[in-house]
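Asker: I'd like to ask you about the structure that follows.
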Amino acid sequence: MGSLKDLLHNPRFRHAASWTALVVILAGLVAGTFHTTKRVDYIWRWEQIPRYVLFKDSRVVEAEDDATVVALDVAGGDTVIVVKDYLDMESYYEVPSDLVNVAVGQEITRGQVLAQWERWKPGLLLQGLVLTLEISVLSIALGIFIGLFTGLARLSKSPAPKWLAIGYIELIRGTPLLVQIYIFYFFVGQVFRLSNFMAGVLALSVFAGAYVAEIFRAGIQSIHRGQMEAARSLGMSYALAMRYIILPQAFKRILPPLAGQFISLIKDSSLVGVIALVELTRAGREIGTSTINYFEVFFTVAALYLILTFSLSMLVQFLERRFAVSD
Amino acid sequence: MIEVRNVYKTFYSRHKVEALVDVTMRVTRGEVVTIIGPSGSGKSTLLRCLNHLETIDRGEIVIDGIPLTDSRTNINAVRAEVGMVFQSFNLFPHMTVLGNVTIAQTKVRKRSRDQAEEIAMTLLQKVGIPEKARSYPSQLSGGQQQRVAIARALAMQPKIMLFDEPTSALDPEMIGEVLDVMKTLAREGMTICAVTHEMGFAREVCDRVVFMDEGRIVEVGTPGKIFDSPDHERTKAFLAQIL
Ligand SMILES: Nc1ncnc2c1ncn2[C@@H]1O[C@H](COP(=O)(O)OP(=O)(O)O)[C@@H](O)[C@H]1O
Ligand SMILES: [Mg+2]
């Protein structure tokens, strides 16, 4: 039995056993999911999903009546063919500009094919992903800006900026994001006539700003005060010292918590679906309603969020390595 | 050059600490003054007040004719004329040695990059480490870091240099190289106010020694007088302790 004991304590055996366990657990999870869906009689139709990401848009534009082309109005990439029938009634056909095959003055007959095309178009999921990305990128940029200045105000010795910053931070951290989004949509949005998109982005930025402010404050405070003193003793103003001495050092330290905050922000952006912004989650819900293939849709939605958050993690890791040169 | 008149400074942290009590002192142009005294006697606080890193409660400080206590005084302009070297070096770790020595020149003195680098290289030559210009502070020994810190302060071409225990964080074998730089500066006529317990420095280049205890200046005199025949019991007791 000594040899079995030896085997159990052999680090290489333990390593291999651990890998085996991992594979068994993962296989078990997949099998479990499969079995569960069997029990609820769910019919998987993964083939439904790709067309919500990209779909082929095929169209044939035919003339509805005999008429004469009177004008070609170019608008963006499309051209509107304006025609008049014998009663002088105008009709319009919109086709991609590069497919226009009629000229002004030309007669067209009923049923004539004015244009025929097949194009790849982004499906609802991809559109939702793009909207989520736009909202996230804008909110992150604005959130950094708000957070930096609030963080600095929070550290100020003068009462007005300091207490305004504390008030703002506590207000935001003490209320649910969903409620803040409603306030930005129904109240701020109405007063300042904001689009849904702007209301959503502002709500998320103001929300992120409060958390980013605390991250900046902690980062700045973590820099030894000798750094500020050395900079000031060289005659640098507070602003110069912050800009060139303190913030570059603080930024390196706050990168990991900042990244965590922004990964949360990407996920939290799913809440702006409530103000009629068809971002990724809302797109998923709408597709789910029309296809009842909720399982596939939301697995796909989850995977798309993962792509966004994982890319952000990779970007931050890259930045961390870049900044690490001086230590 | 430096005028300190009846300065008081009290800290209120957990206890009330009277860091400076009725301190009056004067340093003339080109003079080298060493401040000694037990730990907590207010030496650092005094130096920091000279650079306005601490504000004073009462009294007056005049640097090169400019009163620090006057609200119209541009403190940054005064600080640019007063170089300070800290016990813990306080180099900027995210910049190279060259970056450390040029940043204030370009941002405060508004010198061109080329000119700032030229001045920096001359100063690094002077403190004996021109070959480290492209290194980061973390790659240097303590003695080298402190010499960079001195070069960084000198780059502003200050009229006064303040040293706060510049060698007490250093390994013994590196103390000499920093003191040599300080001695050179002293001999060149720089006005210096240094907190240090290096008797060699004090005896060789220093004009006057100030002994402080419990926030007060107890005794002032030439190095010979203070070290060999001090008037006060407290000075004697302190010297007996450190020698
Ligand atoms: N920022 C501060 N807050 C509170 N107390 C301080 C502060 N700085 C210095 N002190 C106190 O003031 C006294 C003098 O300190 P310091 O000037 O650093 O003495 P020294 O440099 O002679 O050792 C000490 O008792 C110290 O604890
Ligand atoms: Mg001290």
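If you read the sequences in order, they're chains A and B.
Okay, so the first sequence: first residue is 66 according to the numbering used here, each after it adds one.
Okay, so the second sequence: first residue is 2 according to the numbering used here, each after it adds one.
Beta carbons: idealized from backbone N, C-alpha and C, even for Gly.
On a predicted model such as this, the values are computed, not experimentally measured, just so you know.
From the beta carbon of residue 180(B), is the nearest beta carbon of chain A less than 9 Å away?
Answerer: Mapped onto the second sequence, residue 180(B) falls at position 179. So, not an interface residue.
Asker: Have a look at 64(B), 234(B), 25(B) and flag the residue whose alpha-carbon is nearest the alpha-carbon of residue 84(B).
Answerer: On the second sequence, residue 84(B) is found 83 positions in, with the first residue counted as 1. Considering only alpha carbons, the answer is 64(B).
Asker: Determine the chain A residues that contact residue 108(B) at a beta-carbon separation under 8 Å, and present them in chain order.
Answerer: Within the second sequence, the letter at position 107 stands for residue 108(B). Per Cβ cutoff of 8 Å: 301, 305, 309.
Asker: For a quick check, are the C-beta atoms of residue 343(A) and residue 203(A) less than 9 Å apart?
Answerer: Residue mapping note: residue 343(A) aligns to position 278 of the first sequence, counting from 1. Residue mapping note: residue 203(A) aligns to position 138 of the first sequence, counting from 1. The answer is no: Cβ separation not under 9 Å.
Asker: Would you say residue 317(A) reaches chain B, if we count a Cβ-Cβ gap shorter than 9 Å as a contact?
Answerer: Locating residue 317(A) in the first sequence gives position 252, counting from the first residue. Flagged as an interface residue toward chain B: residue 317(A), by a C-beta distance shorter than 9 Å.
Asker: Could you tell me which whole alpha helix (DSSP H) segments of length 4 or greater appear in the region 281-358 of chain A?
Answerer: 290-298, 303-306, 312-333, 345-356
Asker: Give the residues of chain B in contact with residue 348(A), contact being defined as C-beta atoms less than 9 Å apart.
Answerer: Taking the first residue of the first sequence as 1, we reach residue 348(A) at position 283. Going along chain B, no residue has its Cβ under 9 Å from residue 348(A), so there is no contact; the nearest lies around 43 Å.
Asker: Please find out if some non-hydrogen atom of ligand 1 comes closer than 8 Å to the beta-carbon of residue 12(B).
Answerer: On the second sequence, residue 12(B) is found 11 positions in, with the first residue counted as 1. Yes - ligand 1 has a heavy atom lying nearer than 8 Å to the Cβ of residue 12(B).
Asker: What do you reckon, are the CB atoms on residue 32(B) and residue 192(B) nearer than 9 Å?
Answerer: Position 31 of the second sequence holds residue 32(B). Position 191 of the second sequence holds residue 192(B). It is a contact, given that the beta carbons lie within the stated cut-off.
Asker: Over what stretch of residues does the alpha helix (DSSP H) that includes residue 227(A) continue unbroken?
Answerer: Start at 1 with the first residue of the first sequence, and residue 227(A) comes out as number 162. Unbroken alpha helix (DSSP H) run through residue 227(A): 224-238.
Asker: Consider the C-beta atom of residue 298(A) and the heavy atoms of ligand 2; say whether any pair is separated by less than 8 Å.
Answerer: By one-based count along the first sequence, residue 298(A) stands at place 233. Flag unset: Cβ of residue 298(A) not near ligand 2.
Asker: According to DSSP, is residue 26(B) helix, strand or coil?
Answerer: Position 25 of the second sequence, counted from the start, is the residue given in the question as residue 26(B). It is a strand residue.
Asker: Could you work out which residue in 136(A), 225(A), 115(A) is closest to residue 352(A) when comparing CA atoms only?
Answerer: Numbered from its first residue, the first sequence carries residue 352(A) at position 287. Out of 136(A), 225(A), 115(A), 115(A) has the C-alpha closest to the C-alpha of residue 352(A).
Asker: Does any heavy atom of ligand 1 sit closer than 8 Å to the C-beta of residue 20(B)?
Answerer: Walking along the second sequence from the start, residue 20(B) turns up at place 19. Indeed, a heavy atom of ligand 1 lies less than 8 Å from the Cβ.
Asker: Going by the C-beta, is residue 44(B) closer than 8 Å to any heavy atom of ligand 1?
Answerer: Taking the second sequence and counting its residues from 1, the one referred to as residue 44(B) is at position 43. Residue 44(B) Cβ: within cutoff of ligand 1.
Asker: Please name the residue, chosen from 209(A), 129(A), 159(A), 266(A), that lies closest to residue 174(A) on a Cα-to-Cα basis.
Answerer: By 1-based counting over the first sequence, the position of residue 174(A) is 109. The candidate whose alpha carbon is nearest that of residue 174(A) is 129(A).
Asker: Kindly examine ligand 1 and report whether one of its heavy atoms sits closer than 8 Å to the Cβ of residue 196(B).
Answerer: Reading the second sequence from its first residue, position 195 is the one you call residue 196(B). Residue 196(B): yes, Cβ under 8 Å from ligand 1.
Asker: In the DSSP assignment, what residue or residues form a beta bridge with residue 9(B)?
Answerer: To locate residue 9(B), count along the second sequence from 1; it is residue 8. 59(B), per the DSSP bridge assignment.
Asker: What residues of chain A sit near residue 7(B), judged by a beta carbon separation below 9 Å?
Answerer: Translated into the one-based positions of the second sequence, residue 7(B) becomes position 6. Here the premise fails: no neighbours, minimum Cβ distance about 24 Å.
Asker: On the DSSP bridge assignment, give the partners of residue 158(A) in chain order.
Answerer: Reading the first sequence from its first residue, position 93 is the one you call residue 158(A). In the DSSP output, where bridge partners are listed per residue, residue 158(A) has 146(A).
Asker: Report the rounded CA-to-CA distance for residue 191(A) versus residue 366(A), giving the unit in angstroms.
Answerer: Position 126 of the first sequence holds residue 191(A). Position 301 of the first sequence holds residue 366(A). Roughly 10 Å separates the two Cα atoms.
Asker: Let me make sure I understand the geometry here. Which of 317(A), 307(A), 299(A), 314(A) has the alpha-carbon closest to that of residue 81(B)?
Answerer: Your numbering for residue 81(B) matches position 80 in the second sequence. The shortest C-alpha separation from residue 81(B) is found at 299(A).
Asker: Is residue 165(B) near ligand 1, going by C-beta to nearest heavy atom under 8 Å?
Answerer: The residue you call residue 165(B) lines up with position 164 of the second sequence. Yes, Cβ of residue 165(B) sits closer than 8 Å to a heavy atom of ligand 1.
Asker: Could you tell me whether any Cβ in chain A is nearer than 9 Å to the Cβ of residue 153(B)?
Answerer: Locating residue 153(B) in the second sequence gives position 152, counting from the first residue. Put simply, the CB of residue 153(B) is near chain A, with a gap under 9 Å to one of its CB atoms.
Asker: At a cut of 8 Å, does the region 195-211 of chain B reach the region 26-44 of chain B through at least three beta carbon pairs?
Answerer: yes
Asker: Around the C-beta of residue 195(A), are 16 or more other C-beta atoms found within 10 angstroms, so that it is buried, or is it exposed?
Answerer: Taking the first residue of the first sequence as 1, we reach residue 195(A) at position 130. Counting Cβ neighbours within 10 Å, residue 195(A) comes out exposed, since fewer than 16 surround it.
Asker: Beta-carbon of residue 174(B) versus every beta-carbon of chain A: anything under 9 Å?
Answerer: Sequence index remark: in the second sequence, residue 174(B) carries index 173 (1-based). Judged by the 9 Å Cβ criterion, residue 174(B) is not in contact with chain A.
Asker: Locate the beta strand (DSSP E) running through residue 389(A), then write down its first and last residues.
Answerer: As a first step, residue 389(A) is located in the first sequence; it is residue number 324 there, counting from the start. No beta strand (DSSP E) holds residue 389(A); DSSP gives it neither H nor E.
Asker: By DSSP, does residue 157(B) sit in helix, in strand, or in coil?
Answerer: Counting from one through the second sequence, the residue named residue 157(B) turns up at place 156. Here residue 157(B) sits in coil by DSSP.
Asker: Got a sec? Which residues, its chain only, sit under 6 Å from residue 113(A) by beta carbon, not counting five neighbours each side?
Answerer: Locating residue 113(A) in the first sequence gives position 48, where the first residue counts as 1. Closer than 6 Å at the Cβ level, and outside the excluded window around residue 113(A), lie 356, 358.
Asker: Classify residue 106(A) as buried or exposed, calling it buried when 16 or more other Cβ atoms lie within 10 Å of its own Cβ.
Answerer: Here residue 106(A) corresponds to residue number 41 of the first sequence, with the count starting at 1. Burial state of residue 106(A) is exposed, judged by a 10 Å Cβ sphere holding fewer than 16 other Cβ atoms.
Asker: Counting Cβ pairs, one atom from each stretch, are 3 or more of them under 8 Å apart for the region 224-238 of chain B and the region 52-59 of chain B?
Answerer: Result no; under three Cβ-Cβ pairs closer than 8 Å.
Asker: Which bits of chain A does residue 89(B) rub up against, with CB to CB less than 9 Å?
Answerer: Along the second sequence, read from residue 1 onward, the residue named residue 89(B) stands at position 88. The contacting residues are 289, 291.
Asker: Select from 241(B), 178(B), 229(B) the residue whose C-alpha is nearest the C-alpha of residue 130(B).
Answerer: By 1-based counting over the second sequence, the position of residue 130(B) is 129. Taking the Cα of residue 130(B) as reference, the smallest distance to any Cα among 241(B), 178(B), 229(B) is reached at 178(B).
Asker: Within this structure, are the beta carbons of residue 45(B) and residue 229(B) separated by less than 9 Å?
Answerer: Counting from 1 along the second sequence, the entry for residue 45(B) is found at position 44. Counting from 1 along the second sequence, the entry for residue 229(B) is found at position 228. No, these two residues do not count as a Cβ contact at 9 Å.
Asker: For residue 137(A) and residue 159(A), what's the separation of their Cα atoms in angstroms?
Answerer: Within the first sequence, residue 137(A) is the residue found at index 72, counting from 1. Within the first sequence, residue 159(A) is the residue found at index 94, counting from 1. Cα-Cα distance, rounded: 10 Å.
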